[in-house]
Amino acid sequence: MPVVVGVLTETAARETRVAVVPEIAVKLRALGVRVLIEHGAGALAHFPDALYVDVEFSDAATILSSADILLKVRPPSLAEVAALKKGTVLLGFMQAYANPELVRAMRDRGITSFAMELVPRISRAQSMDALSSQASVAGYKAALIAANSLERFLPMLTTAAGTIRPAQVLVIGAGVAGLQAIATVKRLGAVVEAYDVRGATRDQVKSLGAKFVETGVSAEGSGGYARELTAEEKLKQQEVLDARIAASDAVISTASVPGRAAPRIVSKAAVQRMKAGSVIVDIAAEQGGNCELTQAGETIVQNGVKIIGPLNLPASLPYHASEMYARNLFNLLKPALLKGELAIDWNDEVFAGSVLTHDGQIKHEATRKAVEG
Ligand code: NAD
Numbered sequence: 497m498p499v500v501v502g503v504l505t506e507t508a509a510r511e512t513r514v515a516v517v518p519e520i521a522v523k524l525r526a527l528g529v530r531v532l533i534e535h536g537a538g539a540l541a542h543f544p545d546a547l548y549v550d551v552e553f554s555d556a557a558t559i560l561s562s563a564d565i566l567l568k569v570r571p572p573s574l575a576e577v578a579a580l581k582k583g584t585v586l587l588g589f590m591q592a593y594a595n596p597e598l599v600r601a602m603r604d605r606g607i608t609s610f611a612m613e614l615v616p617r618i619s620r621a622q623s624m625d626a627l628s629s630q631a632s633v634a635g636y637k638a639a640l641i642a643a644n645s646l647e648r649f650l651p652m653l654t655t656a657a658g659t660i661r662p663a664q665v666l667v668i669g670a671g672v673a674g675l676q677a678i679a680t681v682k683r684l685g686a687v688v689e690a691y692d693v694r695g696a697t698r699d700q701v702k703s704l705g706a707k708f709v710e711t712g713v714s715a716e717g718s719g720g721y722a723r724e725l726t727a728e729e730k731l732k733q734q735e736v737l738d739a740r741i742a743a744s745d746a747v748i749s750t751a752s753v754p755g756r757a758a759p760r761i762v763s764k765a766a767v768q769r770m771k772a773g774s775v776i777v778d779i780a781a782e783q784g785g786n787c788e789l790t791q792a793g794e795t796i797v798q799n800g801v802k803i804i805g806p807l808n809l810p811a812s813l814p815y816h817a818s819e820m821y822a823r824n825l826f827n828l829l830k831p832a833l834l835k836g837e838l839a840i841d842w843n844d845e846v847f848a849g850s851v852l853t854h855d856g857q858i859k860h861e862a863t864r865k866a867v868e869g
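One gets our numbering by counting positions in the sequence shown from 1 and adding 496 to each.
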């Protein structure tokens with residue numbers, strides 16, 4: 497019996513992405529598996545059913561009860577987990593820290609779940625790195641939101657009506673999203689500066705033609721991530737950054753520390769020093785925001801400064817976000833399906849590192865401690 501790969505319509509609010517796009521369905525079929533897709537699963541991402549070739553369409557209940565492998569973007573609901581066969585392999589973003597009940601349900605149902613956010617960020621796994629592909633979409637879109645919300649030009653213009661000065665943009669946090677935001681506003685002609693606590697980003701920022709803001713604070717954590725700053729470091733950072741924030745027409749903030757609330761970097765006092773008509777796009781809104789005034793999912797105006805806290809930016813570009821995500825999933829899954837059968841190599845650090853639950857146990861140590869104590 498060939499392995500059945502199931503794909504559902506995402507049901508989370510405002511989710512538009514789909515886990516498998518037509519190009520990837522073809523690649524999965526070429527591995528000898530059956531592909532079962534829920535009617536209309538790709539519709540919101542502009543992949544209508546007619547574009548999926550050589551797959552079977554079905555309803556959610558049939559897919560849940562027959563899938564050997566279920567591919568998702570967002571975490572499944574408890575009802576979906578309850579409807580899966582014991583031993584089903586499930587791949588998707590799991591947000592385990594926010595979903596202890598879901599982790600327990602997957603453990604108790606004997607689901608083998610892999611969390612895309614846990615895929616190790618090693619060179620070999622770059623093509624499977626969904627955190628990066630989706631962050632890249634978010635950074636691009638944040639730059640466009642900033643450009644569109646500013647009631648002035650971004651580039652310098654020399655016109656018959658005189659010269660227009662370019663906009664000044666500050667990007668806080670130069671990880672994957674921040675670097676994409678820098679590249680995008682730069683292409684639109686803004687003068688860009690950027691800041692990150694990881695010194696390793698200095699050259700990356702400069703290579704994109706932006707200026708690196710020096711604060712004298714360096715906070716490299718483990719695994720290439722940042723660590724939380726001490727109170728003293730925060731103060732030092734704030735002194736330099738507040739002046740740069742005040743001088744900016746747009747601030748795009750992307751700073752994040754794994755497993756923690758987003759660092760607070762833009763204070764209410766700093767916003768008060770900004771010019772009316774300036775804009776802050778805070779893509780850390782979902783983790784509490786980098787700006788003290790950010791309200792997740794809202795745009796607020798304070799002293800004429802717009803503070804935008806967008807949620808789920810990748811879902812606002814679902815066509816390409818889905819395409820990239822589906823490729824990440826396929827690249828992760830392919831080694832386990834090479835012989836047309838499902839065979840996970842538990843010695844492979846990618847599978848071993850991203851497994852959340854398997855065989856009735858929570859395999860990811862930090863999640864196990866958080867969920868089971
Ligand atoms: P992230 O989303 O965790 O954080 C975004 C950025 O915010 C980071 O660059 C971080 O240093 C920065 N930040 C944290 N606290 C800050 C503060 N107080 N002030 C200013 N900036 C702050 O990061 P990410 O985009 O997921 O990338 C994290 C790391 O992973 C990077 O080193 C990146 O190069 C690495 N990475 C490796 C691979 C790979 O090798 N496969 C793939 C992607 C990313």
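Beta carbons: idealized from backbone N, C-alpha and C, even for Gly.
DSSP beta-bridge partners of Glu716: Ala722
Hey, which unbroken runs of the alpha helix (DSSP H) at 4 residues or more fall wholly within the region 748-782? 764-768
Confirm the yes/no value for this check: CB of Gln871, any heavy atom of ligand 1, distance under 8 Å. The chain is shown only over 497 to 869; residue 871 falls outside these bounds and no answer can be derived.
Chain-order list of residues whose beta-carbon lies under 7 Å from that of Pro754 (same chain, five-residue window excluded): Tyr721
Am I right that Pro831 and Arg513 are in contact with their C-beta atoms under 8 Å? What's the rounded C-beta distance? That pair is no contact at about 24 Å.
Any heavy atom of ligand 1 closer than 8 Å to the Cβ of Thr680? no
Identify, in the order they occur along the chain, each residue of the same chain with its Cβ nearer than 7 Å to the Cβ of Gln798, setting aside the five sequence neighbours on each side. Val767 and Leu789
Grab the span of the alpha helix (DSSP H) containing Glu845 for me, first residue to last. Glu845 to Ser850
Report all residues from its chain with a CB closer than 7 Å to the CB of Phe553; omit the five preceding and five following residues, and keep chain order. Ile533, His535 and Asp545
State the start and end residues of the unbroken beta strand (DSSP E) segment that holds Leu586. Val585 to Gly588
Under the three-state DSSP convention, the category Ala521 falls into: helix
If you compare alpha carbons, which of Ser812, Val867 and Glu613 is closest to Ala638? Ser812
Could you name the residues that DSSP lists as bridge partners for Ile668? Tyr691 and Ser749
With distances taken between CB atoms, is the gap from Ala758 to Ala751 smaller than 9 Å? yes
Quick one: give me the first and last residue of the beta strand (DSSP E) that Lys802 is part of. Val801 to Ile804
Which term fits Asn843, buried or exposed, when burial requires 16 or more other beta carbons within 10 angstroms of its beta carbon? exposed
Just checking my contact of Gln630 with Ala817 at CB under 8 Å: how many whole Å lie between their CB atoms? 6 Å
Please identify the residue among Gln734, Met624 and Arg756 whose C-alpha is closest to the C-alpha of Lys764. Gln734
Please determine whether the Cβ atom of Ala751 lies at a distance below 8 Å from any heavy atom of ligand 1. yes
Own chain partners of Arg510 with C-beta closer than 8 Å, once the 5 adjacent residues on each side are dropped: Leu807, Asn808 and Ala811
Touching by the beta-carbon criterion (3+ pairs, under 8 Å), the region 662-680 and the region 704-711: yes
Less than 8 Å separating the Cβ of Asp692 from some heavy atom of ligand 1? yes
Nonlocal neighbours in the same chain, by C-beta distance under 6 Å from Ile748, ignoring five residues either side: Ala638, Ala642, Val667, Ala677 and Val777
Our contact map puts Val775 next to Lys732 with C-beta atoms below 8 Å; I'd like the distance itself, whole angstroms only. Not really, about 26 Å apart at Cβ, beyond 8 Å.
Here's the rule I'm using: 16 or more other beta-carbon atoms within 10 Å means buried, otherwise exposed. How should Met770 be labelled? buried
So what's Gln503 in DSSP terms, helix, strand or just coil? Note that residue 503 is Val in the sequence shown here, rather than Gln. Three-state DSSP puts Val503 in a strand.
CB of Ala715 to nearest heavy atom of ligand 1: below 8 Å? yes
Roughly how many angstroms lie between the CA atoms of Tyr593 and Thr863, to the nearest whole one? 7 Å
Comparing the CB of Val460 with every heavy atom of ligand 1, is any distance shorter than 8 Å? Outside the shown range of the chain, which is 497 to 869, sits residue 460, and nothing can be said about it.
Quick one: give me the first and last residue of the beta strand (DSSP E) that Val797 is part of. Thr795 to Gln798
DSSP beta-bridge partners of Gln630: In the DSSP output, where bridge partners are listed per residue, Gln630 has none listed.
For the structure I just gave you, are there three or more beta carbon pairs, one from the region 654-664 and one from the region 842-858, closer than 8 Å? no
Closer than 8 Å: Ser490 CB and nearest ligand 1 heavy atom: Given that the chain is displayed from residue 497 to residue 869, the structure contains no residue 490 and the question cannot be resolved.
Out of Gly719, Thr711 and Ser562, which one is the CA nearest neighbour of Val529? Ser562
Note down the Cα distance separating Val867 from Pro572, rounded to an integer number of angstroms. 17 Å
Skipping 5 residues on each side, what residues in its chain have a beta carbon closer than 6 Å to that of Met602? Val577, Ser609 and Thr853
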